[in-house]
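Student:
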Amino acid sequence: MADDYLARIGRLIRDARQHRGWTQTQLADALRTSQSAVNRIERGNQNLSLEMIARIGEALDSEIISLGYSGPMHLRVVGGRQLSGSIDVKTSKNACVALLCATLLNSGRTTLRRVARIEEVNRILEVLNSIGVKTRWIGDGGDLEIVPPAELHLESMDTEAARRTRSVIMFLGPLLHRMDRFKIPYAGGCDLGTRTITPHMTALRHFGLEVTSTEGTYHAQVHPEVHPTRPIVLTERGDTVTENALLAAARHDGVTVIRNASSNYMVQDLCFFLEELGVRVEGVGTTTLTVHGQAHIDRDVDYAPSEDPVEAMSLLTAAVVTESELTIRRVPVEFLEIELAVLEEMGLVHERGAEYAADNGRTRLVDLTVSPSKLSAPVDKIHPMPFPGLNIDNVPFFAAIAATAQGQTMIHDWVYDNRAIYLTELNRLGAQIKLLDPHRMLVDGPTRWRAAEMMCPPALRPAVVMLLGMMAAEGTSVLRNVYVINRGYEDLAERLNSVGAQIETFRDI
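Residue numbers (my numbering): 4 to 512.
1) DSSP three-state label for F401, please.
2) Should the region 271 to 283 be regarded as contacting the region 362 to 371, the criterion being three or more beta carbon pairs within less than 8 Å?
3) In chain order, what are the residue ranges of uninterrupted alpha helix (DSSP H) at least 4 long that sit wholly in the region 46 to 121?
4) Ignoring anything shorter than 4 residues or poking outside the region 317 to 376, list the alpha helix (DSSP H) runs there in chain order.
5) Using CA atoms only, rank isn't needed, just tell me which of R17, T330 and C99 is closest to G503.
6) For T36, name the three-state secondary structure that DSSP assigns.
7) Which runs of the beta strand (DSSP E) spanning at least 3 residues fall entirely within the region 229 to 264, listed in chain order?
8) What span of residues does the alpha helix (DSSP H) with E163 cover, start to end?
9) Between which two residues does the beta strand (DSSP E) holding R422 run?
10) What is the DSSP secondary structure of L212, reduced to helix, strand or coil?
11) Could you spell out the range, first to last residue, of the alpha helix (DSSP H) harbouring E279?
12) Please classify I141 as buried or exposed, where buried requires at least 16 neighbouring CB atoms within 10 angstroms.
13) On the three-state DSSP scale, how would you describe M474?
14) Touching or not, the region 232 to 251 and the region 170 to 186, by the rule of three or more beta carbon pairs under 8 Å?
15) Restricting to Cα atoms, I'd like to know which of G448, G410 and N397 is closest to A423.
16) Return the bridge partner residues of S170 from the DSSP annotation.
17) Taking A223 as part of the beta strand (DSSP E), name the residues at either end of that continuous run.
18) Check for me: the beta strand (DSSP E) holding G410 runs from which residue to which?
19) So the candidates are R510, F509 and Q505; which of them puts its Cα closest to the Cα of G82?
20) Tell me the rounded alpha-carbon separation between T28 and I44.
21) Assuming contact is defined by CB atoms lying nearer than 7 Å, are C459 and V485 in contact in what I supplied?
22) With 16 other CB atoms within 10 Å as the buried threshold, where does P227 fall?
23) Should the region 106 to 119 be called in touch with the region 305 to 322, which here means at least 3 C-beta pairs below 8 Å?
24) Looking at C-alpha atoms only, which residue of F390, S37, M388 and P375 is the closest neighbour of I404?
25) With burial defined as no fewer than 16 other Cβ atoms inside 10 Å of the residue's Cβ, what is the status of G478: buried or exposed?
26) Can you round the beta-carbon distance between V124 and L103 to whole angstroms, since I take them to be within the 8 Å contact cut?
27) Using the Cβ count rule (16 or more neighbours within 10 Å means buried), how would you classify T215?
28) Which residues in the same chain have their Cβ closer than 6 Å to the Cβ of C99, if we skip the five residues on either side of it in sequence?
29) Hey, is H353 close to the ligand COA, as in C-beta under 6 Å from one of its heavy atoms?
30) Rounded to the nearest angstrom, what separates D161 and R167 at their Cα positions?
31) Nearest to R58 by CA position, among G286, H77 and R35, is which residue?
32) Nearest-angstrom Cα distance between G74 and E61?
33) Figure out for me which residue from I395, M349, A101 and R254 has the closest Cα to the Cα of T243.
34) Rounded to the nearest angstrom, what separates F185 and P231 at their Cα positions?
35) Determine the DSSP secondary structure at E310, reduced to helix, strand or coil.
36) May I ask you to report which of helix, strand or coil DSSP gives I12?
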């Protein structure tokens, strides 16, 4: 291997380690080698086998190199180009992964329509396939067929795939009805600081689930004699917590009341799907859900999840920062109404078409045309709230939007420990963001964007924000190691190119 290749790989490994927040010693411990060996690797002074590169990539949850893989590793962005035309919003990432977990409730065949072909879905499919679930893509439209086995083989679970997604935590709800003892790996996903699973355990304890944690594994024991005797009050109005409680309640032969439930888009899609399975859910869209469960579910069902409001916000932001006129079609407007109200106060010029129903027959969609606008900083701070408030996942996009606005914007991202820190990477693209503490930042605009080369942050939404900033910057930028973007977006670069962006995918090796 040529010395320059070793040096380039070493730099990639160093950057991935630093973005993970690890020291060389921590990486060495994960690889069962010495700190000095890691130091030599990062300086390009150590010969590397493909096996060692793969082990490093797994340890850092980062695709160091790609072999035989069709997706991109890096993005080269020629910025300063205006977008035009129209672009469709894809189906919801978070709904799709919840529905895939929910198929474990059903003994029949499930067909999901227009499933996003993203890495997060791929990881869940790898886990399902490894335990005996048969899945196949149908045609070219992204339809997916899922057929469960009579018996699951959890001992054969693909633990590496499971560790790369936080969604695997939603296996707990369905599995507690299928076996008395089982284990799953710790949940992974985006690096957004400490994210406790205690609310999940508190909710599922009402169904007899007891979990202990050892050496990277959750060990679950189910006491089948335990059933909910009173309403379950969630200690956190979280989306996956609510989904796990719903999944457990769906197979409970009785009525379960869940209070302080999330009413967000993915939870509503899950409720609609459960109704297709014969589970009656009252209170959809509110914070109190009453679930009439079925002890046994065996139905052939066909369901189409709705569009992704966070992807819609991403595309809207792309139009704002590039000062473009762009039509975004199939926008789930009821989950963007607060964001649009804030943007209107900032001066956003846009038009909404007539409302129409999503393929699930329930979610309201519109086509939204965004025009170039002179934005001013909002008077009040930007901060998320549970639905129907401003979506937690949409907060990062306001960092890029505020950077284009005249004045100073306070953003308070109180939910996640690290995300505000990642957003300061926009400063490398010319933004003026001052971090006040791990949750609060001041954004001064407007920004004179400039091109830069940088590593992709290890969190999905901040990573996309960096890409959007590069699209606004005159010149050529490079965003390295974009696996995290592929976790949540299908063919994002190609789709942006279809409306006028110039983004090239490439690999070093």
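Every residue, glycine too, gets a C-beta built ideally from N, C-alpha and C.
Tutor: Well, looking at it:
1) Helix.
2) Enough Cβ pairs lie closer than 8 Å, so yes.
3) Those alpha helix (DSSP H) runs which fall completely within the region 46 to 121 and span 4+ residues are 53 to 63 and 96 to 105.
4) With a minimum length of 4 residues, the continuous alpha helix (DSSP H) runs that stay inside the region 317 to 376 are 340 to 349.
5) When C-alpha distances from G503 are compared across R17, T330 and C99, the shortest belongs to T330.
6) When DSSP states are grouped into helix, strand and coil, T36 belongs to the coil group.
7) Qualifying beta strand (DSSP E) stretches, in chain order: 258 to 262.
8) Where E163 is concerned, the enclosing alpha helix (DSSP H) stretches over T162 to R166.
9) R422 -> not in any beta strand (DSSP E); alpha helix (DSSP H) instead, spanning R422 to L426.
10) The three-state reading of DSSP puts L212 in strand, counting E and B together.
11) Judged by DSSP secondary structure, E279 falls within the alpha helix (DSSP H) whose first and last residues are Y268 to E279.
12) With fewer than 16 other Cβ atoms inside 10 Å of its own Cβ, I141 counts as exposed.
13) In the structure shown, M474 sits in a helix (DSSP, three-state: H, G or I).
14) The region 232 to 251 makes contact with the region 170 to 186: 3 or more CB pairs, one atom from each, lie closer than 8 Å.
15) Taking only the C-alpha atoms, the option nearest A423 is N397.
16) None, per the DSSP bridge assignment.
17) A223 -> beta strand (DSSP E) spans T220 to V225.
18) Per DSSP, G410 belongs to the beta strand (DSSP E) from G410 to H415.
19) Cα-wise, what sits closest to G82 is Q505.
20) Approximately 13 Å, taken between the alpha carbons.
21) In contact: C459 and V485 (Cβ atoms closer than 7 Å).
22) The residue in question, P227, is exposed, as its Cβ has fewer than 16 Cβ neighbours within 10 Å.
23) Yes, since at least three Cβ pairs between the region 106 to 119 and the region 305 to 322 fall closer than 8 Å, the two stretches touch.
24) When the alpha-carbon of I404 is set against those of F390, S37, M388 and P375, the nearest one is in P375.
25) Looking at its Cβ environment, which holds fewer than 16 other Cβ atoms inside 10 Å, G478 is exposed.
26) Right, their Cβ atoms sit about 7 Å apart.
27) Exposed, by the Cβ-count rule.
28) Within the same chain, Cβ atoms closer than 6 Å to the Cβ of C99 are found at V118, A119, V124 and P308, the five residues on either side in sequence being excluded.
29) With respect to small molecules bound, the structure shown includes none, and the ligand COA cannot be examined in it.
30) Taking the straight line joining both Cα atoms gives about 11 Å.
31) R58 has its Cα closest to that of R35, out of G286, H77 and R35.
32) Summary for G74: the model assigns pLDDT 44, below 50, so the residue's position carries little reliability; its value from the coordinates is reported in the next sentence. When rounded, the separation of the alpha-carbon atoms in G74 and E61 is 17 Å.
33) Comparing Cα positions, the closest option is A101.
34) F185 and P231 have their C-alpha atoms spaced approximately 21 Å apart.
35) The three-state reading of DSSP puts E310 in strand, counting E and B together.
36) In this structure, I12 counts as helix in the three-state DSSP scheme.
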